[in-house]
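Asker: Attaching a single structure in structure tokens format; questions to follow.
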Amino acid sequence: MDQIKKIIDNFKQTISSVDNQKELIVTKNIFVKKHVTPLFQQLRELEELAVKKAFGKELNFLQEAIQELFEEKNQQLVINLDQNQKPAYDLMIPALDLVDGSIHPLNLVVNQIVDFFKKFNFTIVNYPELVTTKHCFDDLNIPLDHPGRSKTDTFYVSDKQLLRTHCTAGTIEAIAAMNKHKDIRVISFGNVYRNDTDDATHSHQFMQMDFMWVNKDLSLANLKWFVTKFIEHMFGNDLKTRFRLSHFPFTEPSFEVDVECWNCQSGCFLCKKTRWIEIMGSGILHPKVLEAAHIDPEKMVGIAAGIGIERIAMLKNNITDIRDFYLNDFRFIKQFYE
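Residue 333 in UniProt numbering sits at position 333 of the sequence shown, and the numbers go up by one each step.
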């Protein structure tokens, strides 16, 4: 707490000499980036829950104190400005030309995905990003010793609650709510969180889409046909696809789905010299997952698949750094005018 008080005193002294609102905003932003943001990075790296919770409270206190000092100083500047009868802005200066905006590339991908699933009468669900371990892990047949459940891989807020690591946490909840239906079709997408270090291909926050389709007449052939149609919708009809056996706790059998690299014939940076690009994971829902949703696996079959939204956008547009999506750089976003 001594460190927090020193930072607060430092901020108070820093803004004491500021004499206009614009400079106050800039000063605050620079100060927060230099002195506060690194503390949140430290918070992410803490593993012991009690220590993390206590430090989090201190950081909340710090943010509130800085905001209070900022508002007090801003109010003082407003009063001084009124007293001096000096306008904050020169209304006679010609306005800048407005620039047309653009739909974000990730939203373009989401819209394209929704267009596909609407044709097959899927229900789009949106569940909270804060979920329980029951929905995120237990109901999906993910064992207690699975590395994805560890505190070094996820963001826990308590022993039983965490920021979701996949959208399937909401999809399985929707399936359970519809378990009396004879045909259940659900798609879910949104932000998910992993305790990863941000780099060109990893982000602590990213977007994901997954679907589940439950019906008594579904089979592996339906899964392959449906996933192939989805890939054709997203990437075109001329790509070859292949299904590789894999392992996911919530599907059995499980498959990684690859498409033939559209950038080369013999291997390149995009396919990592393999001539194939990994696109998504898929499979037949594990009987235990259906049972968790109170669906009889002897009578019903489920097919499912999931994919990262950023991954699709990066592949479709030859983007090499996932961080570009979150920099709010208009020079980057304006490339994607429709």
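Glycine included, C-beta positions come from ideal geometry on N, C-alpha and C.
Tell me the rounded alpha-carbon separation between Asp238 and Thr228.
Answerer: Looking at the two C-alpha atoms, the distance is approximately 11 Å.
Asker: Which residues does DSSP pair with Glu157 in a beta bridge?
Answerer: First, the residue type needs correcting, since residue 157 is Val and not Glu in the sequence shown. None; Val157 has no bridge partner.
Asker: Which runs of the alpha helix (DSSP H) spanning at least 4 residues fall entirely within the stretch 217-281, listed in chain order?
Answerer: Within the stretch 217-281, the complete alpha helix (DSSP H) runs of at least 4 residues are 220-235.
Asker: With a cut-off of 8 Å, do at least 3 Cβ pairs link the stretch 246-253 to the stretch 318-338?
Answerer: No: fewer than three Cβ pairs fall under 8 Å.
Asker: Can you tell me where the beta strand (DSSP E) with Met209 in it begins and where it stops?
Answerer: Its beta strand (DSSP E) spans residues 205-215.
Asker: Buried or exposed for residue 407, please, with buried defined as at least 16 other CB atoms from any protein chain shown within 10 angstroms of its CB.
Answerer: The requested residue 407 is not part of the displayed model; the chain covers only 1 to 338.
Asker: Can you pull the DSSP bridge partners for Ile184?
Answerer: Ile184 pairs with Val214.
Asker: May I ask you to report which of helix, strand or coil DSSP gives Cys303?
Answerer: Reading the sequence as shown, one finds Ile at residue 303 and not Cys. Strand at Ile303.
Asker: Do Asp217 and Val301 have their C-beta atoms within less than 9 Å of each other?
Answerer: Yes, they are a contact pair.
Asker: Report the rounded CA-to-CA distance for Ala177 versus Lys52, giving the unit in angstroms.
Answerer: For Ala177 and Lys52, the distance between alpha carbons rounds to 35 Å.
Asker: In the structure shown, what three-state DSSP assignment does Phe189 receive?
Answerer: Of the three classes helix, strand and coil, the one that applies to Phe189 here is strand, per DSSP.
Asker: Met212: buried (16+ other C-beta within 10 angstroms of its C-beta) or exposed?
Answerer: With 16 or more other Cβ atoms within 10 Å, it is buried.
Asker: Exposed or buried, what is Leu108 when buried is set at 16 or more other beta-carbons lying within 10 Å of its beta-carbon?
Answerer: By the neighbour-count rule (16 or more Cβ atoms within 10 Å), Leu108 is buried.
Asker: Asn121: which of Ile113, Thr165, Phe11 sits nearest, CA to CA?
Answerer: For the residues Ile113, Thr165, Phe11, the minimum Cα distance to Asn121 belongs to Ile113.
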